[in-house]
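Written out below as structure tokens is the structure these notes cover.
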Amino acid sequence: MKLRIGIISLFSIFLSLILLGSIKEIGRDIKYPVNTILVVTNYSGKDKNKTLATIDKAAKQANISIYKPFMSKKGELKTAKLGINDDHLNELKMLPLTGIYYVKLGTENTQFKQLLQDEKLKVQINPLQLSLVPVITFLSGVRAPSIWTLFFVFLITIYALEMLLIKSAMIYRHVGRLSTYIVDNLKIYLSSLVVVNSAFYLVFCLINGGLFHVYSQILGLMLLIMSVVMALMLCLANSLVALLVKLTDIASILKNRYINQFGALIYLISILISIIIFTLSAKSIVGSVNSLKRYHQDLTQWKVIKNYVKPNFNMDNSDYIDENHMVDHDWFLSQTKDSLRYLQSFNNDETLVYMSPSDFDGAQEAGYQNKIEHPLVTDSKLAAKMIYVSSGFIQLNQKLYPQNNYGKKQDNFLVTLYIPKKLEKDVALIKNNVLADSFAYQKIASDQVQYIIIPDGQKTFLFDQEVPYDNHFPKQVVTDRILVDINQNKVPIDDNVLAFGSEVIWRPFQNSLVKNTVLLPRLKQLKLENQLLSIDRVSQNAEIKAKNMMSQIQGGILVLLGVLISSLFVIWEYLKNQYQQHAKQLVITYLFTGHKSRAELLILSPLLLGIGGVSLYSSFLIKDRRLALLVCTIYIVEVVVIAIIHQLVLKKRESS
Numbered sequence: 001m002k003l004r005i006g007i008i009s010l011f012s013i014f015l016s017l018i019l020l021g022s023i024k025e026i027g028r029d030i031k032y033p034v035n036t037i038l039v040v041t042n043y044s045g046k047d048k049n050k051t052l053a054t055i056d057k058a059a060k061q062a063n064i065s066i067y068k069p070f071m072s073k074k075g076e077l078k079t080a081k082l083g084i085n086d087d088h089l090n091e092l093k094m095l096p097l098t099g100i101y102y103v104k105l106g107t108e109n110t111q112f113k114q115l116l117q118d119e120k121l122k123v124q125i126n127p128l129q130l131s132l133v134p135v136i137t138f139l140s141g142v143r144a145p146s147i148w149t150l151f152f153v154f155l156i157t158i159y160a161l162e163m164l165l166i167k168s169a170m171i172y173r174h175v176g177r178l179s180t181y182i183v184d185n186l187k188i189y190l191s192s193l194v195v196v197n198s199a200f201y202l203v204f205c206l207i208n209g210g211l212f213h214v215y216s217q218i219l220g221l222m223l224l225i226m227s228v229v230m231a232l233m234l235c236l237a238n239s240l241v242a243l244l245v246k247l248t249d250i251a252s253i254l255k256n257r258y259i260n261q262f263g264a265l266i267y268l269i270s271i272l273i274s275i276i277i278f279t280l281s282a283k284s285i286v287g288s289v290n291s292l293k294r295y296h297q298d299l300t301q302w303k304v305i306k307n308y309v310k311p312n313f314n315m316d317n318s319d320y321i322d323e324n325h326m327v328d329h330d331w332f333l334s335q336t337k338d339s340l341r342y343l344q345s346f347n348n349d350e351t352l353v354y355m356s357p358s359d360f361d362g363a364q365e366a367g368y369q370n371k372i373e374h375p376l377v378t379d380s381k382l383a384a385k386m387i388y389v390s391s392g393f394i395q396l397n398q399k400l401y402p403q404n405n406y407g408k409k410q411d412n413f414l415v416t417l418y419i420p421k422k423l424e425k426d427v428a429l430i431k432n433n434v435l436a437d438s439f440a441y442q443k444i445a446s447d448q449v450q451y452i453i454i455p456d457g458q459k460t461f462l463f464d465q466e467v468p469y470d471n472h473f474p475k476q477v478v479t480d481r482i483l484v485d486i487n488q489n490k491v492p493i494d495d496n497v498l499a500f501g502s503e504v505i506w507r508p509f510q511n512s513l514v515k516n517t518v519l520l521p522r523l524k525q526l527k528l529e530n531q532l533l534s535i536d537r538v539s540q541n542a543e544i545k546a547k548n549m550m551s552q553i554q555g556g557i558l559v560l561l562g563v564l565i566s567s568l569f570v571i572w573e574y575l576k577n578q579y580q581q582h583a584k585q586l587v588i589t590y591l592f593t594g595h596k597s598r599a600e601l602l603i604l605s606p607l608l609l610g611i612g613g614v615s616l617y618s619s620f621l622i623k624d625r626r627l628a629l630l631v632c633t634i635y636i637v638e639v640v641v642i643a644i645i646h647q648l649v650l651k652k653r654e655s656s
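Quick note: the sequence shown uses the UniProt record's numbering, first residue 1, plus one each step.
Written out as structure tokens, the structure reads:
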């Protein structure tokens with residue numbers, strides 16, 4: 001009974017810790033314990049202070065928590081908490097009401113929603129699909145393989161444990177009460193499962209703000225799903241044992257030969273599958289560790305923009321779309337002009353940093369060649385090396401890499417190209433690529449484009465915030481890239497601005513990083529402060545990504561530990577039963593030859609050959625022979641050590 005409770009507790013804690021890592025990631029990504037994002041895109045009221053006070057009072061009465069992150073005049077990120085306390089409320093009154101609010105709403109909040117409308121706020125209410133978090137965690141997230149690996153390991157461990165106690169099952173079978181025995185075991189398992197998971201959940205709730213906290217609700221749902229899956233695994237393992245008991249004769253049990261070919265095959269398959277799982281998990285962890293090492297080196301470079309933020313602007317055009325789903329031309333023209341004024345206000349200094357890889361691929365090139373009457377000669381393969389940047393991006397990279405040589409730029413050109421020496425022969429094609437990509441519908445003379453030849457091998461730090469789905473960090477340091485610097489100050493603010501490509505105005509406006517102390521004064525000067533919805537602290541986001549990866553590595557290590565413990569237990573049981581089955585053969589061999597090493601080798605051969613075979617398969621699977629060989633060695637050492645221990649136990653029994 002104690003052994004059963006111990007196994008259940010061990011695996012429940014392992015799995016719960018992996019789920020806890022998922023909750024921590026949610027807490028880093030969604031910084032507030034909320035279930036709704038409220039986007040205020042417009043305020044048409046007259047007294048914003050009165051409106052703010054009304055919302056705060058209504059939130060306190062309805063027990064609604066509202067979090068509003070904002071930037072202070074000193075460039076510091078702060079959070080006002082409406083409905084909770086009055087911290088920073090006076091500072092919030094000095095800012096526009098537009099922006100993103102993080103809200104903890106109850107189930108019935110129609111009155112609060114109506115209040116927002118009555119106060120002349122145009123809002124978009126976006127409930128966070130927190131119920132999808134368990135689906136992502138168990139099925140599609142980066143932790144899903146780890147979780148299901150532990151479920152499988154749990155299954156074979158329970159099976160091995162019940163095989164260890166099979167004599168009790170055989171006795172119950174003999175008296176016709178096998179089903180009672182199985183049910184009693186399941187009661188022990190399930191009650192232990194409920195107690196351990198409940199205790200874990202209650203401790204989490206006590207630490208994290210109670211049962212009704214958003215994170216507590218998510219963890220509770222995930223623990224429930226985990227418990228159901230573990231319960232199914234328990235039923236499956238006990239069903240396999242019951243089947244084996246029915247297939248085994250009593251005489252074999254009495255002679256300690258209670259594992260037949262069916263049982264031995266299950267053991268062997270479980271061990272071999274665990275080796276493959278262990279190898280795949282180890283490969284994943286090694287890849288994550290290497291990625292994290294590279295990223296930690298990059299974090300020192302990120303510090304150069306520790307005082308930069310990523311502004312997110314209101315791009316809602318729903319009020320300006322006609323019945324034909326076309327955006328109003330005058331409104332769009334006005335927005336584009338405002339965006340250009342914003343970019344020009346930075347005057348090409350380092351307070352604005354922008355980077356975007358060119359998307360002038362084969363499809364874009366074909367479209368350009370077909371649509372333009374007299375197209376230029378282009379090469380999309382060269383465009384793959386092109387990066388659109390701001391002058392501030394160049395200046396920061398000069399600080400990071402003082403040895404870089406960017407030549408002497410003349411400010412009277414619209415476009416400046418920084419081309420590595422080895423690509424000098426392709427200058428004409430590179431010029432054409434830029435003109436086709438961003439100025440296809442504008443008559444831009446080629447003499448408005450200057451180029452500077454830079455030395456080969458120069459490093460460029462990208463400040464790339466995107467993380468692909470596989471969660472491996474993007475490569476930040478690249479060499480020999482073609483840098484395209486567009487001088488927005490040379491773009492005329494007239495009715496032809498819509499003819500420019502997205503890399504000229506819209507992408508820099510939407511994706512630039514800005515010095516925190518400069519952003520608000522600049523927006524206020526241009527009367528664009530109402531367009532600002534939210535702000536991201538870029539360097540903090542980089543640190544969060546590193547913490548998330550570290551959390552996933554810890555989860556992977558838990559999986560490796562679980563697989564290793566389980567495989568040790570299963571190998572022990574497999575070899576013990578193999579020795580019991582071949583005990584007579586070992587004795588006879590020893591009597592006639594004086595040694596039994598050959599007979600022992602025959603006993604171990606199926607397992608050793610299996611380990612060698614799956615290790616070879618794993619090496620092709622992961623394309624890493626060294627790692628596969630290391631895992632193979634670990635398991636062979638396990639087998640040899642367990643075999644030696646078995647021999648010592650047998651000798652001790654014989655001597656006594």
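We put the CB at the ideal spot given by N, CA and C, even for glycine.
If you draw a straight line from the Cα of Ile8 to the Cα of Ala231, it is about 10 Å long. Runs of alpha helix (DSSP H) with 4 or more residues, each lying fully within the segment 102 to 145, are found at 110 to 118, 132 to 135, listed in chain order. Of the candidates Ile156, Ile136, Glu76, Gly83, Ile156 places its Cα closest to the Cα of Ile565. As the crow flies, the alpha-carbon of Val229 is around 19 Å from that of Ser270. Apart from sequence neighbours up to five positions away, the residues of its chain that approach Arg537 with a beta-carbon distance below 7 Å are Leu77, Val309, ordered along the chain. Under the three-pair Cβ rule at 8 Å, the segment 293 to 306 does not count as touching the segment 642 to 651. Val491 carries a coil assignment under DSSP once its states are collapsed to helix, strand and coil. For Pro402, there is no enclosing alpha helix (DSSP H), as DSSP marks it with neither H nor E. In the displayed model, Met233 falls within a helix according to three-state DSSP.
Ala499 sits in a helix when the DSSP states are folded into three classes. A residue is called buried when at least 16 other Cβ atoms come within 10 angstroms of its Cβ; Val153 meets this threshold and is buried. The beta carbons of Ser140 and Val559 sit no closer together than 7 Å.
For the set Lys31, Asn324, Met315, the Cα lying nearest the Cα of Val214 is the one of Lys31. The Cβ atoms of Glu424 and Pro96 do not sit closer than 7 Å to each other. In the displayed model, Leu352 falls within a strand according to three-state DSSP.
The beta carbon of Lys421 sits closer than 8 Å to those of Ile453, Ile454, Pro455, Asp456, all from its chain and outside the five residues before and after it, given in chain order. Classified as buried, Leu343 has 16 or more neighbouring CB atoms from the shown chains inside 10 Å of its CB. Counting the other CB atoms within 10 Å of its CB gives Met163 a total of 16 or more, which places it among the buried residues. DSSP places Phe463 in the coil class of the three-state scheme, outside both helix and strand. Under the DSSP assignment, Met71 falls in the beta strand (DSSP E) whose first and last residues are 65 to 71. The three-state secondary structure of Arg173, taken from DSSP, is helix.
Spanning the alpha carbons of Asp426 and Ser618 requires a straight line of approximately 45 Å. For Val389, the uninterrupted beta strand (DSSP E) run begins and ends at 386 to 389, by DSSP.
Secondary structure at Ala80: strand, using DSSP grouped into helix, strand and coil. Shown here for Gly75: same chain residues with a beta carbon closer than 6 Å to its own, the five before and five after excluded, namely Asn516, Thr517 in chain order. Between Asp485 and Ser345, the gap from beta carbon to beta carbon reaches 7 Å or more. Taking 7 Å as the cut-off, the beta carbon of Ala169 is found no closer than this to the beta carbon of Tyr159. Here Asp361 has Ser380, Ala383, Ala384 as same chain residues with Cβ atoms under 8 Å from its own Cβ, once five neighbours each way along the sequence are excluded.
Residue ranges of uninterrupted alpha helix (DSSP H) with 4 or more members, entirely inside the segment 143 to 228 and ordered along the chain, are 144 to 164, 166 to 174, 178 to 207. Sorting Asp330, Tyr295, Arg522 by C-alpha distance to the C-alpha of Pro311 places Arg522 at the top. The alpha-carbon separation between Leu400 and Ser288 amounts to approximately 26 Å. Cβ-Cβ separation between Ile100 and Leu533: approximately 5 Å, consistent with a contact (criterion under 8 Å). Residues Tyr102, Val103, Lys104, Leu105, Ile125, Asn126, Pro127, Leu128 of the same chain have their beta carbon placed closer than 8 Å to that of Thr36, with the five preceding and five following residues left out of the count.
Secondary structure of Thr633 (DSSP, three-state): helix. In the DSSP assignment, Tyr308 falls within the unbroken beta strand (DSSP E) covering 308 to 313. DSSP places Ser44 in the coil class of the three-state scheme, outside both helix and strand.
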